[in-house]
Amino acid sequence: MRHFRHRLALLSSAVAVTLVSVLPVAAQASCTFLMPVGGNGSGPKPWIVKKKVERPKGLLGRAVGRTNWNTDFVVNQPYRSFKLFFTADSTDGNPGAYPIQAFLKFSDGGNLKVVDQTMQPPTGTGAQFGPFTSPSGKAVSQVNFRIGANNDPAATGFSYRISVQGCN
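Numbering of the sequence shown is given in this note's numbering, commencing with residue 107 and proceeding in unit increments.
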């Protein structure tokens with residue numbers, strides 16, 4: 107019996123080592139770029155949205171009217187997680203800082219803020235945010251980027267690219 111337990115322990119160790127070496131490969135997620143709301147699916151990379159930080163509309167620098175700060179991406183199937191990408195495109199020498207926020211929007215009308223930062227990245231650089239998972243029992247229907255210049259007028263006119271991936 108003691109010999110059997112020793113063999114079982116060795117076999118368990120071998121299985122554990124095999125599982126550990128397989129897990130990193132199996133744990134890698136396959137990701138798909140999500141289309142922006144209103145996107146027509148044309149162009150070489152239709153999932154990338156290019157915009158400029160727009161000056162706030164309204165009195166005293168407050169955003170009262172419509173701005174181009176919000177961009178939504180359609181979630182057309184359930185995903186385990188989401189990755190958000192931001193890249194600075196502007197060729198301006200020294201743009202101002204601007205706020206970047208992102209939200210997971212749920213089918214029940216609620217949302218969850220997953221990014222809340224102020225950035226001033228050099229041209230051609232940016233950030234990947236996430237991966238973010240949805241809270242249990244919530245279905246993500248859209249991912250929203252909100253990029254604005256309300257606090258620093260020097261950021262007005264700064265151009266950027268954004269995209270979102272859903273991952274399984």
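The C-beta atom is built at its ideal place from N, Cα and C for all residues, glycine as well.
- Just so you know, the alpha carbons of PHE188 and PHE139 end up roughly 10 Å apart.
- Counting only runs of 3 or more residues that sit fully inside the region 174-237, the beta strand (DSSP E) segments are 176-180, 187-194, 204-212, 217-225, in chain order.
- Excluding its 5 nearest sequence neighbours in each direction, LYS156 has C-beta neighbours in its own chain below 8 Å: ASP195, SER265, TYR266, ARG267, listed in chain order.
- In this chain, the beta strand (DSSP E) harbouring THR138 covers 137-139.
- Taking 8 Å as the cut-off, the beta carbon of TYR185 is found closer than this to the beta carbon of CYS273.
- Nearest neighbour of ALA245 by Cα position, chosen from GLN207, SER213, THR177, turns out to be SER213.
- For LEU218, the closest of VAL181, LYS158, VAL249 by C-alpha to C-alpha distance is VAL249.
- With at least 16 other beta carbons inside 10 angstroms of its own, ASP178 counts as buried.
- Within the same chain, THR193, ALA194 come within 8 Å of THR231 by CB-CB distance, once the 5 residues on both sides are set aside.
- Nearest to ASP222 by alpha-carbon distance, out of LYS211, ILE206, THR229, is ILE206.
- Bounds of the beta strand (DSSP E) holding GLY272 are 265-273.
- GLN183 and GLN271 have their alpha carbons spaced roughly 12 Å apart.
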